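Below is one structure, written out as structure tokens; the observations come after it.
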Amino acid sequence: MDIATQHRPSLRLLLGAVALAATLPLAACANGAEPSEPASSSASDPSTPSETESATVDPVGKWTSPEAGEPFLELKEDGSVEGSDGCNAIKSSWTLDGDTITIEPFTSTQKACAGVDSWLSKAAAATIEGDVMTVKDGQGSVIGGLEKQ
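Numbered according to mature numbering (1 follows the signal peptide of the UniProt record, and there is no 0), the sequence shown spans residues -30 to -1, 1 to 119.
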């Protein structure tokens, strides 16, 4: 087993921890209104997260990983996505709903590559915090992370 494969769970754990750490401050602010304030006043408060802020998530571009085989996804404006799981070329389409990217099942080449974990080919959804994309499988489990290039 090569060193990249040995440390891949650590990279996934690190990326998951970064995503969680970036989310916790937002969760702490979610209920920032004082109980005596009417609920409608928080809707006009510019410090309150709004739908327009989630619309600022821009998944278009190339997202990469330093793992063996250098897996990546390139999400295009036309809703197509191409990339590599580190071994095989993968293609599909994607949509954005709020802050969740949904990825349709990939079509891919079928090469066999020793020492490459093809986790990215199992991607079904993703979320973005800053320049980190947290990738999830069809069951919603985090399977890895990519960084915007």
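By construction, the Cβ of each residue, glycine as well, lies at the ideal position given by its N, Cα and C atoms.
Here the structure is a predicted model, which means the values were calculated and not measured.
Locate the beta strand (DSSP E) running through residue i, then write down its first and last residues.
i    : result
A59  : 59 to 67
K92  : Element bounds for K92: n/a, residue is neither H nor E.
S50  : 50 to 54
F76  : From DSSP, F76 is part of no beta strand (DSSP E); its letter is neither H nor E.
V112 : 112 to 118
T26  : Element bounds for T26: n/a, residue is neither H nor E.
Rounded to whole angstroms, how far is the Cβ of residue i from the Cβ of residue j, which I believe are closer than 8 angstroms?
i   : j    : result
I98 : V27  : 5 angstroms
C57 : S88  : 6 angstroms
L90 : L43  : 7 angstroms
V86 : G115 : Contact doesn't hold; Cβ gap of about 17 angstroms is too wide.
Please say whether residue j and residue i have beta carbons closer to each other than 7 angstroms?
i    : j    : result
I113 : V102 : no
A94  : I73  : yes
K118 : D107 : no
P41  : D55  : yes
Hey, would you say the C-beta of residue i is under 6 angstroms away from at least one heavy atom of the ligand MG?
i   : result
L45 : The ligand MG is not among the ligands present in this structure, which contains no ligands whatsoever.
Cβ contact check for the segment 46 to 53 and the segment 63 to 77: 3 or more pairs under 8 angstroms = In short, these stretches touch, since the Cβ pair count reaches three.
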